[in-house]
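Peer 1: Handing you this structure, nothing more for now.
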Amino acid sequence: MTPSSDDIDRIVARAQTGDRDAFHELVIALQHEVRLFVASRAYSLDLIEEILQATFVTAWEKLGTYQTRGSFLPWLKGIAKNRLREEVRERARFASHTNDSLERVIDEAFVAHDLESAGDDDASRLSRCLERLAPRSRELIERHYAKGLGLNQLAQQFKQTRQAIASALHRIRRTVRACCDAAEETA
Numbered sequence: 000m001t002p003s004s005d006d007i008d009r010i011v012a013r014a015q016t017g018d019r020d021a022f023h024e025l026v027i028a029l030q031h032e033v034r035l036f037v038a039s040r041a042y043s044l045d046l047i048e049e050i051l052q053a054t055f056v057t058a059w060e061k062l063g064t065y066q067t068r069g070s071f072l073p074w075l076k077g078i079a080k081n082r083l084r085e086e087v088r089e090r091a092r093f094a095s096h097t098n099d100s101l102e103r104v105i106d107e108a109f110v111a112h113d114l115e116s117a118g119d120d121d122a123s124r125l126s127r128c129l130e131r132l133a134p135r136s137r138e139l140i141e142r143h144y145a146k147g148l149g150l151n152q153l154a155q156q157f158k159q160t161r162q163a164i165a166s167a168l169h170r171i172r173r174t175v176r177a178c179c180d181a182a183e184e185t186a
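All residue numbers for the sequence shown refer to numbering that gives the first Met the number 0, where the first residue is 0 and numbers rise by one.
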């Protein structure tokens with residue numbers, strides 16, 4: 000469970016004095032929510048983990064600029080969004096022109112578009128959309144994005160091929176994205 004905004008601000012205040020243990024508390028308390036935020040926009044587990052790590056490194060480096068007022072999680076998500084945008088652009092710039100790379104560039108462009116339109120209440124929309132998934136789909140998403148299991152591990156656990164798992168994740172992401180877009184239009 001995520002601590003309250005006041006609790007987070009108290010921990011942030013300690014971390015701003017250079018208390019690394021306090022910052023570690025923040026990472027432990029908020030990494031799941033930041034990971035879900037990034038996972039809703041990223042196309043691979045490697046990218047999610049890279050952005051998650053970069054987000055907390057940047058947060059540590061810029062912690063002195065943060066003003067405690069109950070908005071630390073949105074501040075972190077803003078860092079994550081910017082880091083993801085930068086990484087997607089960088090990867091797209093160096094992608095080769097094979098079919099696989101072309102597909103990845105298209106995915107990255109879609110991610111970049113999603114980032115441009117992202118708002119502060121994305122997490123609540125995402126949570127509602129994830130709740131609407133079939134139990135098996137929710138479990139697959141949870142194991143892949145929250146627990147960090149790779150496609151091969153998931154294939155073994157779900158007794159399917161790696162490709163079937165990859166396709167299922169792709170369909171689930173598309174469904175969740177459509178749900179989030181529809182929820183955003185009605186908001």
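Ideal Cβ placement from N, Cα and C applies to all residues, glycine included.
Nothing here was measured: the structure is a model prediction, and the numbers come from that model.
Checking 8 Å against the spacing of the C-beta atoms, do Arg40 and Leu75 come in under that value?
Peer 2: No, Cβ-Cβ distance for Arg40 and Leu75 is not below 8 Å.
Peer 1: From Glu85 to Thr185, what distance separates their C-alpha atoms?
Peer 2: Each residue's alpha carbon lies about 30 Å from the other.
Peer 1: Between which two residues does the alpha helix (DSSP H) holding Ser136 run?
Peer 2: Start and end: 134 to 140.
Peer 1: Beta-carbon of Leu44 versus every beta-carbon of chain C: anything under 8 Å?
Peer 2: Looking at the structure shown, chain C is missing, and only one protein chain is on hand.
Peer 1: Go through the stretch 13 to 82 residue by residue and report every complete run of the alpha helix (DSSP H) that reaches 4 residues or more, in order.
Peer 2: Taking only runs of at least 4 residues, the alpha helix (DSSP H) segments lying wholly in the stretch 13 to 82 are 19 to 38, 44 to 61.
Peer 1: Would the beta-carbon of Arg34 fall within 8 Å of that of Ala165?
Peer 2: Not in contact: Arg34 and Ala165 (Cβ atoms no closer than 8 Å).
Peer 1: Which value, in whole angstroms, describes the spacing of the CA atoms of Leu150 and Ile47?
Peer 2: Each residue's Cα considered, the two are about 14 Å apart.
Peer 1: Output the distance between the C-alpha atoms of Phe71 and Ala58, rounded to the nearest integer angstrom.
Peer 2: So the two alpha carbons sit approximately 10 Å from each other.
Peer 1: I need the straight-line Cα distance from Glu49 to His31, nearest angstrom please.
Peer 2: About 14 Å.
Peer 1: Using a Cβ-Cβ cut-off of 7 Å (strictly less than) and excluding sequence neighbours within five positions of Ser148, which residues of its own chain qualify?
Peer 2: Looking at the sequence provided, one finds Leu at residue 148 rather than Ser. Around Leu148: Arg142.
Peer 1: Considering Thr174, what are the terminal residues of the alpha helix (DSSP H) in which it resides?
Peer 2: Unbroken alpha helix (DSSP H) run through Thr174: 161 to 185.
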